Amino acid sequence: MLETRPELTAQLEDDLVGWLTTVTKTGQPQSSVVWFLREGDDLLVYSKPDATKMRNISANQKVAFNLLTDAMGDSMTTLEGTATVVESPTPPHRHSAYFAKYQGQIERLGWTPNQFSDDYSALIRITVNRVRSW
Numbered sequence: 002m003l004e005t006r007p008e009l010t011a012q013l014e015d016d017l018v019g020w021l022t023t024v025t026k027t028g029q030p031q032s033s034v035v036w037f038l039r040e041g042d043d044l045l046v047y048s049k050p051d052a053t054k055m056r057n058i059s060a061n062q063k064v065a066f067n068l069l070t071d072a073m074g075d076s077m078t079t080l081e082g083t084a085t086v087v088e089s090p091t092p093p094h095r096h097s098a099y100f101a102k103y104q105g106q107i108e109r110l111g112w113t114p115n116q117f118s119d120d121y122s123a124l125i126r127i128t129v130n131r132v133r134s135w
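Residues 2 to 135 in the numbering used here are what the sequence shown lists, from first letter to last.
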């Protein structure tokens, strides 16, 4: 699904952040800026295990993921899908593709790789089932 859209593929590879929207148990949408990695047609997001988005996903696995747009809002992409929490995930600093993408950011923010992996030890896998672009 994602491979058939070259401009989207490039953006998923190059962008450092996106917006993950989950829904609270009361039905309130909640958006969080996240680091992510594309893996085939899925997106991977590491999270703090006690983050609200983790509780939201436990209650409702439907999510939306938005990429940044241009300054004028002329190009927009939303990915919709199902989020699952991965049991016993590879720590972020041992996930070679994720670490290659974010090593500079981790260092810039003052974490060691182990500290980041300790803080962001939960892994969310988003299985994309719909892409909306305009």
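Backbone N, C-alpha and C fix where the C-beta goes; we use that ideal spot for every residue, glycine too.
In this text, all values refer to a predicted model and were calculated from it rather than measured experimentally.
Beta-carbon within less than 7 Å of residue i's beta-carbon, same chain only, minus the 5 sequence neighbours each way: which residues are those?
i	result
P93	Y47, Y99, F100, F117, S118 and Y121
D26	Asp is not the amino acid found at residue 26; the sequence shown has Lys there. Excluding residues within five positions, the ones whose Cβ falls inside 7 Å are A60.
D43	R126, I127, T128 and V129
Looking only at its chain, what residues have a beta carbon closer than 6 Å to the beta carbon of residue i, apart from the 5 residues adjacent to it on each side?
i	result
R39	L13
T85	R126
L124	Y47, V87 and P90
D75	none
R56	none
V132	L80
Report the option in the options whose CA atom is closest to the CA atom of residue i.
i	options	result
Y143	L45, K63, D71 and P30	Because the chain here runs from 2 to 135, residue 143 falls outside it and cannot be looked at.
S97	A123, G19 and P114	P114
E81	W20, K49 and E108	W20
L17	P7, V35 and P30	V35
T128	Q106, G111, G41 and R95	G41
F37	V24, Q29 and Q106	Q106
Where does residue i sit, in a helix, a strand or coil, going by DSSP?
i	result
Q31	strand
G82	strand
S122	coil
N115	helix
T70	coil
S57	For the sequence presented, residue 57 should be read as Asn rather than Ser. Residue state, collapsed to three classes: helix.
S97	helix
A52	coil
Would residue i and residue j qualify as a contact pair, given that the criterion is a beta-carbon distance under 8 Å?
i	j	result
V87	T22	no
T79	N130	no
W135	M73	no
S33	K49	no
Exercise. Evaluate contact between the stretch 11-28 and the stretch 58-78, counting only Cβ atoms and requiring at least three cross-stretch pairs below 8 Å.
Key: yes
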